[in-house]
Structures are given as structure tokens and as C-alpha cells.
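Under our numbering, the residues of the sequence shown are numbered 2 to 236, in order. Worksheet for the structure shown next.
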Amino acid sequence: MSFDEKSTHYEILELLPDATSQEVQAAYIRSKSAFTRDNVALYTLVSAQEREDALKRIEQAYTVLSNPDQRAEYDKCHGVWTSDVSKIISIDRTPPMMNASHPEYELLVAPPTDFAHANSDFPGTSESAPINPTPQASGSLLLEEQIAQEVEWHGSLIRRVRETKGISIEEMAANTKISKSNIVAIEEENFAKFPAPVYLRGFVSQISKVLKLPHDRVAAAYIARYNQSTPKQDK
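What follows is the structure in C-alpha cells.
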């Protein structure tokens with residue numbers, strides 16, 4: 002969550018510019034929850050005045066982004082860039098990944114080609130000849146299966162998905178506005194170099210959105226593991 006004077010409404014609610022109305026609503030609730038009086042950890046990070054200012058900015062951001070007309074005018078006036086994740090994924094020409102139970106996923110494997118039809122143009126080529134998958138394709142299939150069944154969402158898996166999609170650390174930082182050092186710390190689960198907990202959930206969620214992963218589940222699992230590990234780091 003970014004609250005400096007230059008922060009956009011999207012940055013305040015930890016959203017990408019192409020966020021849906023449902024995502025805006027969820028981000029608003031999540032952001033306000035982070036600054037409730039019940040959040041004991043928050044009081045070690047911000048003052049009462051900072052908390053009040055943050056809540057005001059969250060309300061302002063939500064008021065604009067939840068109204069289609071105000072949001073369109075805001076985007077126009079501020080030159081907001083609308084994120085198109087498909088352009089990022091096209092870096093390695095990887096098509097969208099779909100999953101029966103999670104349609105928001107994107108495929109890590111290219112669609113099958115009709116080799117039987119293609120081979121008819123080349124004499125002497127057997128149409129029934131088996132086509133063995135390349136090691137890279139096999140690895141992508143295994144990763145897709147792991148994503149469908151994943152519940153813990155370790156940083157190493159997040160890094161594998163990013164690398165498989167051909168998205169560099171620099172590109173991820175440019176599209177999420179998260180520093181490269183924080184992205185690396187999240188992928189390596191380097192707890193000593195993590196950002197403040199109040200920001201960590203939003204960072205993990207933003208990275209997951211760019212990778213077309215189930216961001217709510219990824220962030221929840223990651224934060225739960227972080228909370229369990231933090232006491233061990235303090236000893």
C-alpha cells in the first residue's frame with residue numbers, strides 16, 4: 002500500500018489499472034481492514050494520524066474507482082496506463098492458461114497443432130507418426146498440474162511461474178510498481194528483507210495478478226506461512 006503524495010488511487014488500493022469492479026470492492030474492504038483498530042501489528046508501524054490519513058485516502062480512492070464515470074475521467078486526467086497482461090505474456094508467445102476449476106488461470110503450454118493436416122503437404126511423412134513432447138513442454142505441463150493442486154504457494158513456485166512466462170524481474174517491477182529487491186525477497190522468502198507486513202499481502206497479490214494466479218489464495222497462504230515463520234526469525 003503506497004500513501005505518498007504521488008500515489009494513484011490504484012496504488013492506494015493495491016490494484017492494477019484494469020481491475021474489475023469486484024476487485025475494487027474487495028481491495029477496498031481489504032485495505033480498510035488493514036487499518037482497523039483491531040490490527041495490533043499496525044500500531045507498531047504507523048501513528049494514529051497516519052492511520053486516519055490512510056483511511057481518508059482509501060475512501061477517496063474507492064469513491065472514484067467504484068464509479069465508472071469518475072474512474073474514466075480520473076484515468077483520462079492522470080494518463081493512467083491500463084495494464085494488459087496478455088502483452089506481458091506474449092513475451093515468450095505463451096497463450097492464456099485455462100483450468101476447469103479456475104478459469105482465471107492461464108495455460109503455460111501452447112495449444113496442440115494439427116500436425117496430421119500439416120504433414121499432408123510433405124510426401125513421405127507419416128500422418129500417424131507419434132510426436133513426442135519436448136522437455137520444455139513436459140516441464141510446463143508438470144508446472145500447470147502443480148499450480149492446479151497448489152495450496153502452500155511458496156516463493157520458489159511463484160518464481161518458476163514468472164520465469165516460465167518469460168517475465169523478468171525488471172518487467173514485473175515496472176508493471177506492479179514493486180521494487181526489484183522486494184520481488185526477489187518474496188520469491189526467495191527472505192523474511193529479513195521483507196517489506197512491512199501491512200504491505201506484504203498487497204505485494205504478493207499484485208504479483209499473482211500479473212501471473213494470472215488465484216491472487217487471494219496465493220496471498221492468504223503466503224502470509225499464513227510468513228506469520229508462522231516470523232517468531233522463529235526473532236529467536
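Backbone N, C-alpha and C fix where the C-beta goes; we use that ideal spot for every residue, glycine too.
Classification of residue i by the beta-carbon crowding that lies within 10 angstroms, buried from 16 upward
i      : result
Ala28  : buried
Ser102 : At Ser102, the pLDDT of 44 sits below 50, so the modelled position is not reliable and the matter cannot be decided from this model.
Lys210 : buried
Ala73  : exposed
Pro124 : Any reading at Pro124 must be qualified, since the residue scores a pLDDT of 45, below 50, and its modelled position is unreliable; no value is offered.
Ile179 : buried
Glu145 : buried
Ile159 : buried
Ala197 : exposed
Thr64  : exposed
Val152 : exposed
Glu189 : exposed
Leu187 : Note on residue identity: the sequence assigns Ile, not Leu, to residue 187. Buried, because 16 or more other Cβ atoms sit within 10 Å of the Cβ of Ile187.
Ile184 : buried
Ala138 : Model confidence at Ala138 stands at a pLDDT of 45, short of 50, so the residue's coordinates are unreliable; what they give is reported in the following sentence. Label assigned to Ala138: exposed.
N- and C-terminal bounds of the alpha helix (DSSP H) containing residue i
i      : result
Glu15  : Note, Glu15: premise wrong, no alpha helix (DSSP H); not H, not E.
Ala28  : Ser22 to Ala35
His79  : Pro69 to His79
Asn183 : Lys181 to Glu189
Ile170 : Ile170 to Thr177
Leu212 : Here Leu212 belongs to no alpha helix (DSSP H), and DSSP marks it neither H nor E.
Lys7   : Segment: none, Lys7 is in no alpha helix (DSSP H) and carries neither H nor E.
Val65  : Ala49 to Leu66
Glu164 : Gly156 to Thr165
Spatial neighbours of residue i in its chain, beta-carbon cut-off 7 Å, leaving aside the 5 residues before and after
i      : result
Leu201 : Phe195, Ile224 and Tyr227
His216 : Ser206, Ser209 and Lys210
Ala62  : His10, Ile13 and Leu14
Gly156 : Ile187, Glu188, Glu189 and Glu190
Arg163 : Met173 and Leu212
Residues near residue i by beta carbon distance below 8 Å, same chain, minus five either side
i      : result
His79  : Thr9
Gln229 : none
Gln147 : Leu158
Asp115 : Note on Asp115: pLDDT 44, under 50, position unreliable in the model; no value is reported.
Same chain, Cβ closer than 6 Å to residue i, five either side skipped, listed in chain order
i      : result
Ser32  : Leu14 and Ile59
Ser182 : none
Glu53  : none
Leu56  : Phe36
Leu66  : His10, Val25 and Arg72
Taking three-plus beta-carbon pairs below 8 Å as touching, is the stretch 45 to 60 in contact with the stretch 15 to 24?
-> no
Specify whether the stretch 191 to 200 and the stretch 165 to 175 touch according to this definition: at least 3 beta carbon pairs, one from each stretch, less than 8 Å apart.
-> Touching, no.
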